[in-house]
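Order-wise, the sequence lines are chains A and B.
Using the numbering used here, the letters of the first sequence correspond one by one to residues 1 to 290.
Using the numbering used here, the letters of the second sequence correspond one by one to residues 1001 to 1396.
Every residue, glycine too, gets a C-beta built ideally from N, C-alpha and C.
The structure displayed is predicted, hence computed values, not measured ones.
One structure is given below, encoded as structure tokens.
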Amino acid sequence: MFWQQVFNGLSAGGIYALIAVGFSLIYSIMRYINLAHGSLIMIGAYIGYAVVTATNFPLIPALLAAAAGTAIVSVIVERLAFRPIRVRGVSTLYILVSSMVVSILLQNLVMVIFGPSFRTLPQLVSDVPVVTHPINIARLDFYMMIVVVLSLVSLNFVLYRTKAGRAMRAVSFNPKAAALMGVNTDRVVSLAFALAGALAGIAGIFLGIKYSVYPQLGELILKGFVASVFGGLGSVAGAVVGGLALGVIEVFLIAYGSSSFSPVMIYALLVLILLLRPRGILGRIVEDKV
Amino acid sequence: MKRKRLIFVTLMLLVSMLFLTACGQTAGQGQGGAKSITIGELADLTGPTAVWGQAQDNELKILVDKWNAENQVKLNHKVYDYKANTQEAVSSFNKLADQEKVAVVFGTNNSNANLAFGPLAEAKKVPVLSHAIDPHSTTPAADKLNQYSFLTVASNIIQGKTMAAYTLDKLNLKKVGVLYDQGNSFATTMEQPFEEYFTGHGGTITAKEVFTSNDVDYSSQLTKIISTNPDAILLPNYYKQIALAAQQARKLGFKGVFLGHTGWPSQALLEMAGKDVEGSYFVNYGSFEDPQLQNLQKEYTDKYKKAPEINAAMIGESFAVFTDAVKKIGADKLAAMSLEQQRQALRDAFEKTRNVQGVMNNITIDPKTHRPETAKMAIITIKDAKFKFVETYQVK
Chain A
1 MFWQQVFNGL SAGGIYALIA VGFSLIYSIM RYINLAHGSL IMIGAYIGYA VVTATNFPLI
61 PALLAAAAGT AIVSVIVERL AFRPIRVRGV STLYILVSSM VVSILLQNLV MVIFGPSFRT
121 LPQLVSDVPV VTHPINIARL DFYMMIVVVL SLVSLNFVLY RTKAGRAMRA VSFNPKAAAL
181 MGVNTDRVVS LAFALAGALA GIAGIFLGIK YSVYPQLGEL ILKGFVASVF GGLGSVAGAV
241 VGGLALGVIE VFLIAYGSSS FSPVMIYALL VLILLLRPRG ILGRIVEDKV
Chain B
1001 MKRKRLIFVT LMLLVSMLFL TACGQTAGQG QGGAKSITIG ELADLTGPTA VWGQAQDNEL
1061 KILVDKWNAE NQVKLNHKVY DYKANTQEAV SSFNKLADQE KVAVVFGTNN SNANLAFGPL
1121 AEAKKVPVLS HAIDPHSTTP AADKLNQYSF LTVASNIIQG KTMAAYTLDK LNLKKVGVLY
1181 DQGNSFATTM EQPFEEYFTG HGGTITAKEV FTSNDVDYSS QLTKIISTNP DAILLPNYYK
1241 QIALAAQQAR KLGFKGVFLG HTGWPSQALL EMAGKDVEGS YFVNYGSFED PQLQNLQKEY
1301 TDKYKKAPEI NAAMIGESFA VFTDAVKKIG ADKLAAMSLE QQRQALRDAF EKTRNVQGVM
1361 NNITIDPKTH RPETAKMAII TIKDAKFKFV ETYQVK
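Following this line, the structure appears as structure tokens:
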């Protein structure tokens, strides 16, 4: 049972990590929290649902379609809802509020188009487990972990091995200095939102397959947000570690503690970590620039 | 100028509304005269559970029409849509009691709504016949009885016992694990009596795990349950939670049976997890495959050109209790009483309900709990991704 629970934890944690990375990516560059990220994940799930029911695509093309579609929506959201506020140079608090509003707007938009009921994605992954002994590994969870690893590795590649990635990191250190060096800040921001959107689309499809597709699916980001704070807000590696750690801890609290107390314990633990190490596991100390 | 016009329009609207309500009242009294009894109904005609509320209201209309065709004393039927919303239920209840001046309120099927307006029924002394499931709607605490609230169908306690007895005696399964939402009384009030009966009659609960309403992943709890090797897992939850739990349990290699209650009968469950819940068993109030319900089904389908939901049969039970009370008091005598007397007389008669033949059950209301203490329930299984009626079963 021990190893089964470890796998359960990593499988839940993988999803948290995927969500947390999207948060952290935006936070590390823009220094604000995009609360609409959850709704983007939900949009990803619906795009996946619409594409699969219309075309019968298998898993990989469906994932690509959802990633591309959500990336576009994410860039549009930034252009319409965040950029005008950012350009005016007012407090990021307004962006926070704006992202909250966008989140509600997207949720209601989907409710109007698709209705409030649950939808099930057609079966994209076979039911036959990869292995059944000594632990049971469902094919879906197995594929999901592969895709999570691949996405995170490619994100790392973009950030550290490409010119665009270097520009992104430069903007993250100091947007003004980067702009003076000839970096097109607006384009970098759009790219960051596109990447975060693509990750949201991938997370959305997996969440949709696992937990069905419904307008409030995005509410699951709460755990992803917690994971990104846990790992260190603004650090992409921290988000991965935070996500996996949160998944495993949560599962072990249920497995070896009690399922009735685990929701209390997990948040108590988070408060404790924030008190002892406010920057999270891998985070750097963040100071507001005056 | 614009503002003046706005004020004028608003005033006109107010005046016309007053006028209309005044007309409504005289019409109601004129139509009723001395020879009528006003009955109220709360139904979720819109909102997420609208299919249930509409079925309830449709069937009550059939029953009232039938009564009015056969009797001198007419029933004056007032219905309010409470939109499956607790606050709306409270305000609609007040309107029925104070403005419509009803002698009795039928409904609802929503435990939370009944829990909310239960104290108002006490204060205003209006009897309520409901088919909600939570026993707390008649007995809010162990030593407290709501004098004016009655349940006419099997409460969650009977459901829990019935499923436990059926699992032991008919399915011959002795080891059961449980997974339920600890924040939902719909689940907890079924789980407790199940567990008490099951362990009291030779069964073992191998593991009992909980989750909270917004959780969607139960893999960890299920791994724990499956490691105790149960024959069956009881899932007394809402259909979405049942579907997810069944899918996740099968992925973890569980081969046994799932058991459930009235949260199960939903087409959405079959769509989401059809093959994962194959071979499951659950209790329901009744089944339209049961020959006893053929009449109701035919009348309903003839009139509305669509199949009824089980809520139509449930309101039938309440109506049977009501007509029995009216006949015992004497319809003429009841119609001649003042509103307060009518309400009191009906309440007292409901409390004495004995062996009244309803649509599904022979109803006896226990004066100590204001609900039936035993009831025949339908056992349903899932075969070829369809609900299938097995038999009716009554716990001894």
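Sub-7 angstroms separation of residue i and residue j beta-carbons
i	j	result
B/Pro1135	B/Ile1157	yes
B/Pro1236	B/His1261	yes
B/Ala1187	B/Tyr1197	no
B/Val1153	B/His1131	yes
B/Glu1271	A/Thr120	yes
A/Leu124	A/Leu59	yes
B/Ile1382	B/Glu1278	yes
B/Ile1225	B/Gly1177	yes
A/Ser172	A/Ser28	yes
B/Thr1199	B/Lys1175	no
A/Gly22	A/Ile47	no
B/Leu1173	B/Ala1232	yes
A/Leu274	A/Val241	no
B/Val1116	B/Thr1086	Residue identity differs from the one stated: residue 1116 of chain B is Ala in this sequence, not Val. Cβ distance < 7 angstroms, so B/Ala1116 and B/Thr1086 count as in contact.
A/Ser151	A/Arg139	no
B/Tyr1166	B/Tyr1393	yes
A/Gly234	A/Ser24	yes
B/Ser1036	B/Lys1074	yes
Same chain only: Cβ atoms within 7 angstroms of residue i, ignoring 5 sequence neighbours per side
i	result
A/Leu207	Ile15, Ile41, Ala45, Leu217, Leu220
B/Gly1274	Ala1385
B/Met1337	Ala1345
B/Tyr1239	Gly1263, Trp1264, Ser1266, Ala1268, Leu1269
B/Phe1389	Ser1287, Glu1289, Asp1290, Ala1378, Ile1380
For residue i, three-class secondary structure by DSSP
i	result
B/Glu1391	strand
B/Ala1027	Residue placement at B/Ala1027 is flagged as unreliable, the pLDDT there being 35, under the threshold of 50; a coordinate-derived value is accordingly withheld.
B/Gly1033	Residue placement at B/Gly1033 is flagged as unreliable, the pLDDT there being 49, under the threshold of 50; a coordinate-derived value is accordingly withheld.
B/Phe1282	strand
A/Phe252	helix
B/Asp1366	strand
B/Arg1371	strand
B/Lys1240	helix
A/Phe118	coil
A/Asp141	helix
B/Leu1259	strand
B/Tyr1080	strand
A/Thr162	coil
B/Tyr1180	strand
B/Glu961	This structure does not reach residue 961 of chain B, given that chain B is present from 1001 up to 1396, and the question cannot be answered.
Rounded separation between residue i and residue j - CA only
i	j	result
B/Ala1245	A/Pro61	28 angstroms
B/Gly1183	B/Ile1329	43 angstroms
B/Ala1097	B/Lys1124	8 angstroms
A/Ser98	A/Val90	13 angstroms
A/Leu199	A/Phe114	23 angstroms
B/Thr1026	B/Thr1038	Interpretation of B/Thr1026 is limited by its pLDDT of 36, a score under 50 that renders its predicted location unreliable; no figure is taken from the coordinates.
A/Trp3	A/Ile135	7 angstroms
A/Arg187	A/Arg88	17 angstroms
B/Ser1185	A/Arg161	55 angstroms
B/Gln1031	B/Asn1071	Because B/Gln1031 carries a pLDDT of 44, less than 50, the predicted location of this residue cannot be relied on, and the following value inherits that uncertainty. Using only the alpha carbons, I get a separation of about 15 angstroms.
A/Gly238	A/Pro84	30 angstroms
B/Leu1171	B/Gln1192	20 angstroms
B/Pro1367	B/Ala1378	25 angstroms
A/Leu93	A/Met30	12 angstroms
A/Asn108	A/Val101	11 angstroms
B/Gly1047	B/Ala1084	6 angstroms
A/Gly9	A/Ile76	34 angstroms
A/Val236	B/Asn1214	27 angstroms
B/Arg1347	B/Lys1396	29 angstroms
A/Ser103	B/Glu1317	46 angstroms
Neighbourhood of residue i by C-beta, 6 angstroms cutoff - its chain only, sequence neighbours within 5 removed
i	result
A/Lys223	Tyr16
B/Asn1361	Ala1375, Lys1376
B/Ala1022	Because the pLDDT at B/Ala1022 is just 45, under 50, the model does not fix this residue reliably, and the value given afterwards should be weighed accordingly. Excluding residues within five positions, none has a Cβ falling inside 6 angstroms.
Per-residue contacts from residue i into chain D (C-beta, under 9 angstroms)
i	result
A/Thr120	Included in the structure are the protein chains A and B, with no chain D among them.
Assumed close pair residue i, residue j - CB separation to whole angstroms, cut-off 8 angstroms
i	j	result
A/Ala194	A/Ser39	Contact doesn't hold; Cβ gap of about 16 angstroms is too wide.
A/Leu253	A/Val226	Between A/Val226 and A/Leu253 the Cβ distance is about 14 angstroms, and since that is not below 8 angstroms, they are no contact.
B/Asn1311	B/Asn1114	About 14 angstroms separates the two Cβ atoms, so there is no contact after all.
A/Gly232	A/Gly280	3 angstroms
B/Val1102	B/Ala1043	Actually they are not in contact, since the Cβ atoms of B/Val1102 and B/Ala1043 sit about 14 angstroms apart, beyond 8 angstroms.
Other residues of its chain near residue i: CB distance less than 8 angstroms, five sequence neighbours each side excluded
i	result
B/Leu1406	Nothing can be reported for residue 1406 of chain B, as the shown portion of chain B is limited to 1001 through 1396.
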